[in-house]
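Novice: If you're matching positions, the sequence shown starts at 785 in the numbering used here and goes up one per residue. Where is the CB? At the ideal position from N, CA and C, for every residue including glycine. I'd like to ask you about the structure that follows.
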Amino acid sequence: MAERPRHRGAHRAGRAAPGAGAGRALHRLGASAHPHAGARPAAPGRPSGPGLRDRRAGAPAVPQPLGPQRGDAPGRANASGRLLALPRGTGHPPPIVNPTTDRGLIWGTALTQFIGWGTLFLPFSLVLEPMEAELGWSRGELNGALTLGLLVSGMLGIPVGRWVDRQGGRLPLTLGALLGAAVLAGWAMVDRLWVFYLLWIAMGCAHATALWTPAMAMVVALARHPAKAIAGITFVTGFTATVFVPLIAVLVERQGWRGALLAMAALQLVPAVIAWAQFRGVTLPAPSLAVGRGDALRRALRRPAFWGLALCFAAHVFIGVGLGTHLVPLLRELGLPEASVLLLVALHGPTQVAARAILYFAGSRASMRVVGALAAPLLVLALVWLAMAPADVIWLLPFVAFWAVADGLMTIVRAAGTAEILGREGYGAITGALSLIGVLPRTAAPFAIALVWEAGGGYGAVPWMLAGVAALGAGAFLLAVRDRG
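Now the structure itself:
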């Protein structure tokens, strides 16, 4: 780590202390300080941010690692000089998505992720049957393309994360959104299976660059209160399925599956515009040498906390994908009326969003270690309840409540808890590695549950199996929080 500059007074022998000229230059440019640094320009004798050059003295500021350092105080510039510079001539982003405030960062990122997940991920299941009917491809052939796309997305997690750590997220978020729009347009015109597979390789690239990992890396790098910002973003994205599932279904019914995909392609251009405008002219603090060499990821891989989080998040993904695929037939097998089945499934989204809203208003007071330590066992309780509850909608309501709350909170812990436990340095590459580990459980969950269903002649053993996976994940999270690095 570079040596921190010493300050023995604001002025000596008529000269400004190091960093004072940079502070005045930044003020003249009308640049916006990161919320950690407060609204005022750098005071004399205080470092004013890595990568900024003193225009009067010509002395470069000393680069420092990204993230809070020992001795940092909330609301003041820390040792890394966490400032956002908006160079002359670049203009400011629109206020509603201005990343120099947490509110602007939340709204801009929430909009890109809300539309991105709605257009790039949700259409597949809704156009599956119309594609089978028109093209004559089997469901296995179609799902093979989806699996390939998920594998590509996972493999790109680390390189994309490293890029964001070093260069920022504007380019991958913008180009990924444009690539996603192009893939959707190509998908709308596809008539050959091998072309469909090529499109889903490209879709995997779009998922890796336009969706969760690079977006959260920018939030963690820029937000004053990352956990609160992520809670706000996930509050908005919690309504993605509520809005896009009926929208796509109506478009498929009226315009056909090809017309629906073309409409989604046009809509997917919006996140590209937002990402390009939101991070226009924004420069992140220069990464430390450890980030540049990839040492931050290598250090994380040697910590028990990384592998505890990896196992916990893999269990969470396995359960989420497994229930998302099999919950409806499981509830039907219990003999519940169709209206009760749909009610229980529909309650998951609003309950999950409510839990995220509570965490948002808790703000920086909520430790992700504590939130995760509560959410992980709650998921175990939910699945044990599902296994033991009578086949009655009233008795199954607690299962939905426990599962939705645990699911909503663990989504936030996955993003903000990683930064709290493993640190912000190299966050993009570290979360990319965690995403890569999660590819196998994500793709294997539906198949594994189907095998248990077939072996048992029904879903009776499935909740117990999932409860065991959840217990393994809860134990892994407790291992992670005990590792203080």
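1) Alpha carbon to alpha carbon, what distance is there between Val1003 and Ala1011?
2) Between Arg1087 and Leu1206, what straight-line distance do the alpha-carbon atoms span, to the nearest angstrom?
3) Does DSSP put Asp1079 in a helix, a strand or coil?
4) Relative to the alpha-carbon of Ala1245, which residue among Thr1215, Arg1208, Leu1167 has its alpha-carbon at the smallest distance?
5) Give the DSSP-derived three-state secondary structure of Pro1247 in the structure shown.
6) Comparing alpha-carbon positions, which option in Gly1201, Met1152, Ala1050 lies nearest Thr1215?
7) CA-CA distance, Ala1001 and Leu1120?
8) Can you tell me whether Ile1178 is buried or exposed? The criterion is at least 16 other CB atoms within 10 Å of its CB, across all chains shown.
9) With a threshold of 7 Å on Cβ separation, who are the neighbours of Arg792 within its own chain once the five nearest residues in sequence on each side are excluded?
10) Please classify Gly888: does DSSP put it in a helix, a strand, or coil?
11) Kindly indicate the opening and closing residues of the alpha helix (DSSP H) around Ser909.
12) Quick one: what's got a C-beta closer than 6 Å to Phe898's C-beta in the same chain, skipping five residues either side?
13) Tell me whether Met987 is buried or exposed, calling it buried when 16 or more other Cβ atoms sit within 10 Å of its Cβ.
14) Going straight from the alpha carbon of Ala1159 to that of His1100, what length do you get?
15) Mind the definition here: the region 1255-1265 touches the region 1128-1139 only if three or more C-beta pairs lie below 8 Å; say whether that holds.
16) Could you please give the first and the last residue of the uninterrupted alpha helix (DSSP H) stretch that includes Ala1138?
17) Buried or exposed: where does Pro1161 fall if 16 or more other Cβ atoms within 10 Å of its Cβ makes it buried?
18) Please tell me whether Ala990 and Leu963 are closer than 9 Å, where the distance is taken between their beta carbons.
19) Give the straight-line distance between the Cα atoms of Val1137 and Val1036, rounded to the nearest whole angstrom.
20) So, helix, strand or coil for Met973, using DSSP?
21) Can you find at least 3 beta carbon pairs, one from the region 974-987 and one from the region 945-952, that sit closer than 8 Å?
22) Compute the beta-carbon to beta-carbon distance between Leu982 and Gly900, rounded to the nearest angstrom, for a pair I have assumed lies under 8 Å.
23) Got a sec? Which residues, its chain only, sit under 6 Å from Gly842 by beta carbon, not counting five neighbours each side?
24) Taking 9 Å as the cut-off, decide whether the C-beta atoms of Leu1051 and Gly902 are in contact.
25) In chain order, what residues of the same chain lie with their CB nearer than 8 Å to the CB of Ala1256, ignoring the 5 residues before and after it?
26) Can you list, in chain order, the residues of its chain with a C-beta nearer than 6 Å to that of Ala1056? Leave out the 5 residues immediately preceding and following it.
27) Spatial neighbours of Thr1227 within its chain, please: C-beta separation below 6 Å, excluding the five flanking residues on both sides.
28) Taking the beta carbon of Ala1251 as the centre, do at least 16 other beta carbons fall within 10 Å, making it buried, or is it exposed?
29) Could you tell me the alpha carbon to alpha carbon distance between Val944 and Ala1061, rounded to whole angstroms?
30) Alpha carbon to alpha carbon, what distance is there between Arg1149 and Glu913?
31) Could you pull the start and end residues of the alpha helix (DSSP H) that Gln951 belongs to?
32) In whole angstroms, what is the alpha-carbon distance linking Arg824 and Ala1033?
33) Among residues of its own chain, excluding the 5 on either side of Arg1268, which ones have a beta-carbon nearer than 7 Å to its beta-carbon?
34) Once the 5 residues before and after Ala1013 are set aside, which same chain residues still bring their CB inside 7 Å of it?
Specialist: Looking at the atomic coordinates:
1) Within the sequence shown, the letter at position 227 stands for residue 1011. Within the sequence shown, the letter at position 219 stands for residue 1003. Their backbone Cα atoms lie some 9 Å apart in a straight line.
2) Here residue 1087 corresponds to residue number 303 of the sequence shown, with the count starting at 1. Here residue 1206 corresponds to residue number 422 of the sequence shown, with the count starting at 1. Rounded to the nearest angstrom, the two C-alpha atoms are 9 Å apart.
3) The sequence position of residue 1079 within the sequence shown is 295, counting from 1. Helix at Asp1079.
4) Here residue 1245 refers to the residue found at position 461 when the sequence shown is read from its first residue. Taking only the C-alpha atoms, the option nearest Ala1245 is Leu1167.
5) Within the sequence shown, the letter at position 463 stands for residue 1247. Reduced to three states, the DSSP call for Pro1247 is helix.
6) Residue numbering aside, residue 1215 sits at position 431 when the sequence shown is read from its first letter. Taking only the C-alpha atoms, the option nearest Thr1215 is Gly1201.
7) For the purposes of this step, residue 1001 is identified with residue 217 of the sequence shown, where counting begins at 1. For the purposes of this step, residue 1120 is identified with residue 336 of the sequence shown, where counting begins at 1. Going from the Cα of Ala1001 to the Cα of Leu1120 covers about 43 Å.
8) Here residue 1178 refers to the residue found at position 394 when the sequence shown is read from its first residue. It is exposed - the Cβ of Ile1178 has fewer than 16 other Cβ atoms within 10 Å.
9) As a working mapping, residue 792 is identified with position 8 in the sequence shown. Summary for Arg792: the model assigns pLDDT 40, below 50, so the residue's position carries little reliability, and this model does not support an answer.
10) Position 104 of the sequence shown, counting from 1, holds the residue named residue 888. Note: Gly888 maps to helix in three-state DSSP.
11) Numbered from 1 along the sequence shown, position 125 holds the residue referred to as residue 909. Per DSSP, Ser909 belongs to the alpha helix (DSSP H) from 907-919.
12) Taking the first residue of the sequence shown as position 1, residue 898 is located at position 114. Around Phe898: Val1020, Thr1021, Thr1024.
13) Locating residue 987 in the sequence shown gives position 203, where the first residue counts as 1. Classification for Met987: buried.
14) Position 375 of the sequence shown, counted from the start, is the residue given in the question as residue 1159. Position 316 of the sequence shown, counted from the start, is the residue given in the question as residue 1100. So the two alpha carbons sit approximately 11 Å from each other.
15) no
16) The residue given as residue 1138 occupies position 354 in the sequence shown. First-last of the alpha helix (DSSP H) with Ala1138: 1122-1146.
17) Counted from its first residue, the sequence shown places residue 1161 at position 377. It counts as buried.
18) Within the sequence shown, residue 990 is the residue found at index 206, counting from 1. Within the sequence shown, residue 963 is the residue found at index 179, counting from 1. Yes. Within cutoff.
19) Indexing the sequence shown from 1 puts residue 1137 at position 353. Indexing the sequence shown from 1 puts residue 1036 at position 252. Straight-line Cα distance between these residues: approximately 27 Å.
20) Your numbering for residue 973 matches position 189 in the sequence shown. Three-state DSSP puts Met973 in coil, outside helix and strand.
21) no
22) Position 198 of the sequence shown, counted from the first residue, corresponds to residue 982. Position 116 of the sequence shown, counted from the first residue, corresponds to residue 900. The pair is not a contact, with the Cβ atoms about 21 Å apart (cut-off 8 Å).
23) As a first step, residue 842 must be located in the sequence shown, where it is residue number 58. Residue placement at Gly842 cannot be trusted, given a pLDDT of 40 that sits under 50; what the coordinates show is reported in the next sentence. Within the same chain, Gly842 has no close Cβ partners at all.
24) The count along the sequence shown starts at 1 and reaches residue 1051 at position 267. The count along the sequence shown starts at 1 and reaches residue 902 at position 118. In contact: Leu1051 and Gly902 (Cβ atoms closer than 9 Å).
25) Taking the sequence shown and counting its residues from 1, the one referred to as residue 1256 is at position 472. It should be noted that the sequence gives Leu, not Ala, for residue 1256. Only Leu1095, Ala1099 meet the Cβ criterion.
26) The residue labelled residue 1056 in the question sits at position 272 within the sequence shown. Same-chain partners within the cutoff: Thr958, Ala961, Leu962.
27) What you label residue 1227 is simply residue 443 of the sequence shown in a count that begins at 1. Thr931, Leu934, listed in sequence order.
28) What you label residue 1251 is simply residue 467 of the sequence shown in a count that begins at 1. It is buried - the Cβ of Ala1251 has at least 16 other Cβ atoms within 10 Å.
29) Along the sequence shown, one-based indexing puts residue 944 at 160. Along the sequence shown, one-based indexing puts residue 1061 at 277. So the alpha carbons of these two residues sit roughly 20 Å apart.
30) In the sequence shown, the residue the question calls residue 913 occupies position 129. In the sequence shown, the residue the question calls residue 1149 occupies position 365. The straight-line gap from Cα to Cα measures roughly 47 Å.
31) One-based indexing of the sequence shown puts residue 951 at position 167. Looking at the DSSP string, the run of the alpha helix (DSSP H) that includes Gln951 is 941-951.
32) Along the sequence shown, read from residue 1 onward, the residue named residue 824 stands at position 40. Along the sequence shown, read from residue 1 onward, the residue named residue 1033 stands at position 249. With a pLDDT of only 37 at Arg824, under 50, the local geometry of the prediction cannot be trusted, and the value read off the model is given with reservation. Computed Cα separation, rounded: 50 Å.
33) For this step, residue 1268 is matched to residue 484 along the sequence shown. Cβ neighbours of Arg1268 beyond the five flanking positions: none.
34) In the sequence shown, the residue the question calls residue 1013 occupies position 229. Closer than 7 Å at Cβ, skipping near neighbours: Asp886, Leu889, Ile890, Val1003, Ala1007.
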